[in-house]
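Below you'll find the structure, written out as structure tokens, and then a few comments.
Protein chains: 2
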Amino acid sequence: MTHDVKEIFAGDAPPAPAALAAKVRTLAPSMTRSMQRVAEAVAGDPAGCAALTVTGLAELTGTSEATVVRTARLLGYPGYRDLRLALAGLAAQQQSGRAPAVTADIAVDDPLPDVVAKLAYDEQQTLADTAAALDTVQLGAAVTALAAARRVDVYGVGASGLVAQDLTQKLLRIGIVSHAHSDPHLAVTNAVQLRAKDVAIAITHSGSTGDVIEPLRVAFEHGATTVAITGRPDGPVAQYADHVLTTSTARESELRPAAMSSRTSQLLVVDCLFVGVAQRTYETAAPALSASYEALAHRHSPRGGGAAR
Amino acid sequence: MTHDVKEIFAGDAPPAPAALAAKVRTLAPSMTRSMQRVAEAVAGDPAGCAALTVTGLAELTGTSEATVVRTARLLGYPGYRDLRLALAGLAAQQQSGRAPAVTADIAVDDPLPDVVAKLAYDEQQTLADTAAALDTVQLGAAVTALAAARRVDVYGVGASGLVAQDLTQKLLRIGIVSHAHSDPHLAVTNAVQLRAKDVAIAITHSGSTGDVIEPLRVAFEHGATTVAITGRPDGPVAQYADHVLTTSTARESELRPAAMSSRTSQLLVVDCLFVGVAQRTYETAAPALSASYEALAHRHSPRGGGAAR
DNA sequence: CCCGCGTACGAAAATATCTTTCACCCGTGA
DNA sequence: TCACGGGTGAAAGATATTTTCGTACGCGGG
Numbered sequence: 002m003t004h005d006v007k008e009i010f011a012g013d014a015p016p017a018p019a020a021l022a023a024k025v026r027t028l029a030p031s032m033t034r035s036m037q038r039v040a041e042a043v044a045g046d047p048a049g050c051a052a053l054t055v056t057g058l059a060e061l062t063g064t065s066e067a068t069v070v071r072t073a074r075l076l077g078y079p080g081y082r083d084l085r086l087a088l089a090g091l092a093a094q095q096q097s098g099r100a101p102a103v104t105a106d107i108a109v110d111d112p113l114p115d116v117v118a119k120l121a122y123d124e125q126q127t128l129a130d131t132a133a134a135l136d137t138v139q140l141g142a143a144v145t146a147l148a149a150a151r152r153v154d155v156y157g158v159g160a161s162g163l164v165a166q167d168l169t170q171k172l173l174r175i176g177i178v179s180h181a182h183s184d185p186h187l188a189v190t191n192a193v194q195l196r197a198k199d200v201a202i203a204i205t206h207s208g209s210t211g212d213v214i215e216p217l218r219v220a221f222e223h224g225a226t227t228v229a230i231t232g233r234p235d236g237p238v239a240q241y242a243d244h245v246l247t248t249s250t251a252r253e254s255e256l257r258p259a260a261m262s263s264r265t266s267q268l269l270v271v272d273c274l275f276v277g278v279a280q281r282t283y284e285t286a287a288p289a290l291s292a293s294y295e296a297l298a299h300r301h302s303p304r305g306g307g308a309a310r
Numbered sequence: 002m003t004h005d006v007k008e009i010f011a012g013d014a015p016p017a018p019a020a021l022a023a024k025v026r027t028l029a030p031s032m033t034r035s036m037q038r039v040a041e042a043v044a045g046d047p048a049g050c051a052a053l054t055v056t057g058l059a060e061l062t063g064t065s066e067a068t069v070v071r072t073a074r075l076l077g078y079p080g081y082r083d084l085r086l087a088l089a090g091l092a093a094q095q096q097s098g099r100a101p102a103v104t105a106d107i108a109v110d111d112p113l114p115d116v117v118a119k120l121a122y123d124e125q126q127t128l129a130d131t132a133a134a135l136d137t138v139q140l141g142a143a144v145t146a147l148a149a150a151r152r153v154d155v156y157g158v159g160a161s162g163l164v165a166q167d168l169t170q171k172l173l174r175i176g177i178v179s180h181a182h183s184d185p186h187l188a189v190t191n192a193v194q195l196r197a198k199d200v201a202i203a204i205t206h207s208g209s210t211g212d213v214i215e216p217l218r219v220a221f222e223h224g225a226t227t228v229a230i231t232g233r234p235d236g237p238v239a240q241y242a243d244h245v246l247t248t249s250t251a252r253e254s255e256l257r258p259a260a261m262s263s264r265t266s267q268l269l270v271v272d273c274l275f276v277g278v279a280q281r282t283y284e285t286a287a288p289a290l291s292a293s294y295e296a297l298a299h300r301h302s303p304r305g306g307g308a309a310r
């Protein structure tokens, strides 16, 4: 019922977001003993206090609810509710501010939450690096070749083999005939078939994986357009590649094998290729995409997954 | 190595701090219309919503207070009050933290450099969301099971099949007997063999891929420890999973199929599993890792530029 | 030493806010 | 068409917050 004319918030207009600790110190002298206890608790453990109700905080500080509210007012908030909100914000800030410490390597005794944070951070870094270093001219050339290809062969072994398969799956989805090879012999056998309008893609982090270079060489010599996705643009694989797409190399550690970040990087490049090609061939790609989506729908249980409650 | 006593709040995870936006997207499909409106408002303007009471938010979204509370519950909070607190925290983080996320969709006529930037950004976002939303308790449980497993079977079809293979490859590298199945029949056939000390992992974004659920169910019924890696923690697959690891769901567009971000998310989870297991079994994992590294070295041509460094 | 004044403080009433219950309504499938 | 089940909101019920108001304590003066 207090819809009266509220006094203008004289001195301090907005409630303090992060400047809370400072405000507590500033106003401490003008506080009574009980209020100081409350303010102290609040400044000392924002997160903890944010979880408490007025009553809880009153008990914790050995004071009354009224005093808590009075303190909140003194700190510049309309009431305890708002102080609490600010407190939660402050806690969140402190929390996130502590994050940057994850730059370190992953250690054997790191707790799981740290592992998650570090891995995520590292992979984010890898993505940023890759995007920054990716030569869009080369990428464009590769896209052009793919968009016009009669047939696409992708070579990759080990971890890169999975990336090769990923690319293949995607290209097939938009109607581009492509095949992934992880068997070097078969790869070479197939490479012989390639012609001028075809494209061969080799994926190798080290840039010197013989099993992958060999088929690329064959394709190259048979006149196909060749692309290399590698972390070593100066490696042997580049020799037979018309276009080289460079993936980034992150530092690796014992617990974090190189394959991990190279895979992330390779996948980004592959995604870029895919989207680029999809753009170029939009007329045919769009229907193909929705068609493949439709086809899959019935492989999932009736209710689209909402089910089971 | 004594990851001992941790106050475990049975079952569901504690409230999420910054993982809120991700959680909204993850749970959105299982929400009713009204709830989605609320969730949308909350995700769209955390700061604004934090300033509102239940009644206010209900009016804003054109729903009732009951619905708002229900939504808060669904998002994992005990009630609206706690959601509001988290909201305040989120707002504070965004405020102080990075610039607002301007995630424009990828358009057909975007120039290639933009495509690269957007894709990289989206994937980074996906990683951050996944890491924030990942339940480390569940992860820990899964890791424990894996570390002690006699044998591990991983099920995944389509794009998830590649993730399954990735996990398998990694586990094999540290001496854990694992196998990836993308053939539903063979998967079931093998699932029958599983016993108490074995682990079965199902990877499915939709959470309702029958071909993957079936083998998991069989494994579950045969007493194996079962893990689900899915974007729909409430989907059918969770029914047969001892531990559910949630992957994030990014908004998808025509040119950027869901498979793309779900794969990124799944891979992060898989990496976390791997590193977690490697930590636990360090004694045997470390030698195994360097052994596999050594074995590979000679597959790269000698002068390739230092080869597989 | 006692008295009066002013302020600090808390108990409890008053109010706002959150939560739960329950009945309605709408779409769905028989 | 009807019965059914789940989604939804109105209002009752429970908590939390704010306000009111009375008591007690400290301090200076009589």
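In order, the protein sequences belong to chains A and B. Okay, so the first sequence: first residue is 2 according to the numbering used here, each after it adds one. Okay, so the second sequence: first residue is 2 according to the numbering used here, each after it adds one. Note that the Cβ used here is the ideal one computed from N, Cα and C, for glycine as well. Everything numeric in this text was worked out from a predicted model, so none of it was measured.
Quiz item: For the candidate residues A:209, A:223, A:249 and A:261, whose alpha-carbon lies nearest to that of residue 238 (chain A)?
Solution: The residue given as residue 238 (chain A) occupies position 237 in the first sequence. Residue A:209 is the option with its Cα nearest to residue 238 (chain A).
Quiz item: Since residue 226 (chain B) meets chain A, which of its residues come closer than 9 Å, beta carbon to beta carbon?
Solution: Reading the second sequence from its first residue, position 225 is the one you call residue 226 (chain B). Correct list: empty, because the minimum Cβ distance to chain A is about 17 Å.
Quiz item: How about the segment 239–247 of chain B and the segment 221–230 of chain B: do they share at least three Cβ pairs that are nearer than 8 Å?
Solution: yes
Exercise. Taking residue 56 (chain A) as the reference, give the member of A:74, A:194, A:78 and A:82 with the closest Cα.
Key: The residue labelled residue 56 (chain A) in the question sits at position 55 within the first sequence. Of the candidates A:74, A:194, A:78 and A:82, the one whose C-alpha sits nearest the C-alpha of residue 56 (chain A) is A:82.
Quiz prompt | Where residue 13 (chain A) falls: helix, strand or coil (DSSP) | solution = On the first sequence, position 12 is the one that residue 13 (chain A) refers to. For residue 13 (chain A), the predicted model reports a pLDDT of 44, less than 50, meaning its position is unreliable and no value from the coordinates is stated.
Quiz prompt | Beta-bridge partners of residue 153 (chain B), as assigned by DSSP | solution = Translated into positions along the second sequence, residue 153 (chain B) becomes position 152. Note: residue 153 (chain B) sits in a beta bridge opposite B:179 and B:200.
Quiz item: Distance, Cα to Cα, residue 38 (chain A) vs residue 73 (chain A)?
Solution: Along the first sequence, one-based indexing puts residue 38 (chain A) at 37. Along the first sequence, one-based indexing puts residue 73 (chain A) at 72. Spanning the two alpha carbons is a distance of roughly 12 Å.
Quiz item: Name the chain A residues whose beta carbon is nearer than 7 Å to that of residue 272 (chain B)?
Solution: In the second sequence, residue 272 (chain B) corresponds to position 271, counting from 1. Correct list: 120 and 261.
Quiz prompt | Residues that DSSP places opposite residue 228 (chain B) in a beta bridge | solution = Stepping through the second sequence from its first residue, residue 228 (chain B) is reached at position 227. According to DSSP, residue 228 (chain B) bridges with B:202 and B:244.
Exercise. Check each candidate in B:143, B:215, B:21 and B:115 and name the one with the smallest Cα separation from residue 190 (chain B).
Key: Numbered from 1 along the second sequence, position 189 holds the residue referred to as residue 190 (chain B). When the alpha-carbon of residue 190 (chain B) is set against those of B:143, B:215, B:21 and B:115, the nearest one is in B:215.
Quiz item: For the candidate residues B:40, B:86, B:132 and B:269, whose alpha-carbon lies nearest to that of residue 54 (chain A)?
Solution: Here residue 54 (chain A) is taken as the residue at index 53 of the first sequence, counted from 1. Check the Cα spacing between residue 54 (chain A) and each of B:40, B:86, B:132 and B:269: the tightest is with B:86.
Quiz item: Can you give the Cα-Cα distance for residue 285 (chain A) and residue 176 (chain A), rounded to whole angstroms?
Solution: Residue 285 (chain A) sits at position 284 when you count from the first residue of the first sequence. Residue 176 (chain A) sits at position 175 when you count from the first residue of the first sequence. Going from the Cα of residue 285 (chain A) to the Cα of residue 176 (chain A) covers about 8 Å.
Quiz item: Going along the chain, which residues of its own chain have a beta-carbon closer than 7 Å to the beta-carbon of residue 92 (chain A), five neighbours each way excluded?
Solution: Residue numbering aside, residue 92 (chain A) sits at position 91 when the first sequence is read from its first letter. Exclusion of the five residues before and after residue 92 (chain A) leaves 47, 48 and 51 as the residues of its chain whose Cβ lies within less than 7 Å of its Cβ.
Quiz item: Which residues in the same chain have their Cβ closer than 7 Å to the Cβ of residue 264 (chain B), if we skip the five residues on either side of it in sequence?
Solution: Counted from its first residue, the second sequence places residue 264 (chain B) at position 263. These residues qualify, in order along the chain: 160 and 164.
Quiz item: Measuring CB to CB, does residue 155 (chain B) end up less than 8 Å from residue 186 (chain B)?
Solution: Taking the second sequence and counting its residues from 1, one reaches residue 155 (chain B) at position 154. Taking the second sequence and counting its residues from 1, one reaches residue 186 (chain B) at position 185. Result no, Cβ atoms of residue 155 (chain B) and residue 186 (chain B) do not sit closer than 8 Å.
Quiz prompt | Cβ pair residue 219 (chain B), residue 242 (chain B) closer than 8 Å | solution = Here residue 219 (chain B) corresponds to residue number 218 of the second sequence, with the count starting at 1. Here residue 242 (chain B) corresponds to residue number 241 of the second sequence, with the count starting at 1. Against a cut-off of 8 Å, the Cβ pair of residue 242 (chain B) and residue 219 (chain B) comes out as no contact.
Quiz item: What is the DSSP secondary structure of residue 64 (chain A), counted as helix, strand or coil?
Solution: For this step, residue 64 (chain A) is matched to residue 63 along the first sequence. Looking at residue 64 (chain A) - three-state DSSP - the assignment turns out to be coil, as it is neither helix nor strand.
Quiz item: Residues of chain A with CB under 7 Å from residue 124 (chain B), in chain order?
Solution: In the second sequence, counting from the first residue as 1, residue 124 (chain B) sits at position 123. In chain order: 128 and 269.
Practice problem: For residue 199 (chain A), collect the residues of the same chain with a Cβ closer than 8 Å to its Cβ; drop the 5 residues on either side in sequence, then sort them by chain order. | Solution: The residue labelled residue 199 (chain A) in the question sits at position 198 within the first sequence. 150, 151, 152, 153, 154, 220, 225 and 226, listed in sequence order.
Quiz prompt | Near-chain A residues of the segment 167–183 of chain B - C-beta to any C-beta below 7 Å | solution = 167 and 170
Practice problem: May I ask you to verify whether the segment 112–126 of chain B touches the segment 62–77 of chain B, counting CB pairs closer than 8 Å and requiring at least 3? | Solution: no
Quiz prompt | Test item: CB-CB of residue 276 (chain B) and residue 120 (chain A) under 8 Å | solution = Residue mapping note: residue 276 (chain B) aligns to position 275 of the second sequence, counting from 1. Residue mapping note: residue 120 (chain A) aligns to position 119 of the first sequence, counting from 1. A contact, by the Cβ cut-off of 8 Å.
Quiz item: Quick one, which of B:236, B:279, B:251 and B:278 has its alpha-carbon nearest residue 106 (chain B)'s?
Solution: Residue mapping note: residue 106 (chain B) aligns to position 105 of the second sequence, counting from 1. Of the candidates B:236, B:279, B:251 and B:278, the one whose C-alpha sits nearest the C-alpha of residue 106 (chain B) is B:251.
Quiz item: Taking a cut of 8 Å between CB atoms, which residues from the segment 218–248 of chain B lie near chain A?
Solution: 233, 235, 236, 237, 239 and 240
Quiz item: Counting contacts by CB-CB distance shorter than 8 Å, is residue 114 (chain A) in contact with chain B?
Solution: The residue labelled residue 114 (chain A) in the question sits at position 113 within the first sequence. Yes, contact with chain B.
Quiz prompt | Length of the line joining the Cα atoms of residue 204 (chain A) and residue 125 (chain B) | solution = For this step, residue 204 (chain A) is matched to residue 203 along the first sequence. For this step, residue 125 (chain B) is matched to residue 124 along the second sequence. C-alpha separation (whole angstroms): 22 Å.
Quiz item: Taking Cβ-Cβ distances below 8 Å as the criterion, which residues of the segment 76–97 of chain B are in contact with chain A?
Solution: 85, 86, 87, 89, 90, 91, 92, 93, 94, 96 and 97
Quiz prompt | alpha helix (DSSP H) segment containing residue 36 (chain A), residue limits | solution = Here residue 36 (chain A) refers to the residue found at position 35 of the first sequence. Residue 36 (chain A) -> alpha helix (DSSP H) spans 34–45.
Self-check item: chain A contact residues for residue 131 (chain B), given Cβ-Cβ distances below 8 Å
Solution: For the purposes of this step, residue 131 (chain B) is taken as the residue at position 130 of the second sequence. Per Cβ cutoff of 8 Å: 121.
Quiz item: Quick one: what's got a C-beta closer than 8 Å to residue 196 (chain A)'s C-beta in the same chain, skipping five residues either side?
Solution: The residue labelled residue 196 (chain A) in the question sits at position 195 within the first sequence. Around residue 196 (chain A): 151, 223, 224 and 225.
Practice problem: Between the Cα of residue 118 (chain A) and those of B:128, B:59, B:109 and B:118, spot the shortest distance and give me the residue it belongs to. | Solution: For the purposes of this step, residue 118 (chain A) is identified with residue 117 of the first sequence, where counting begins at 1. Comparing Cα positions, the closest option is B:128.
Practice problem: Along the alpha helix (DSSP H) that carries residue 184 (chain A), what are the first and last residues, could you check? | Solution: For the purposes of this step, residue 184 (chain A) is taken as residue 183 along the first sequence, with counting starting at 1. Neither: residue 184 (chain A) is in no alpha helix (DSSP H) and is coded neither H nor E.
Practice problem: Say whether chain B places a C-beta atom closer than 8 Å to the C-beta of residue 141 (chain A). | Solution: The count along the first sequence starts at 1 and reaches residue 141 (chain A) at position 140. Interface residue, yes.
Self-check item: Chain-order list of residues whose beta-carbon lies under 7 Å from that of residue 289 (chain B) (same chain, five-residue window excluded)
Solution: Position 288 of the second sequence holds residue 289 (chain B). Around residue 289 (chain B): 174, 175 and 176.
Quiz item: Buried or exposed: which applies to residue 292 (chain B), given that a residue is buried once 16 or more other Cβ atoms fall within 10 Å of its Cβ?
Solution: Here residue 292 (chain B) refers to the residue found at position 291 of the second sequence. By the neighbour-count rule (16 or more Cβ atoms within 10 Å), residue 292 (chain B) is not buried but exposed.
Exercise. Output the distance between the C-alpha atoms of residue 178 (chain A) and residue 141 (chain A), rounded to the nearest integer angstrom.
Key: To locate residue 178 (chain A), count along the first sequence from 1; it is residue 177. To locate residue 141 (chain A), count along the first sequence from 1; it is residue 140. Cα-Cα distance, rounded: 19 Å.
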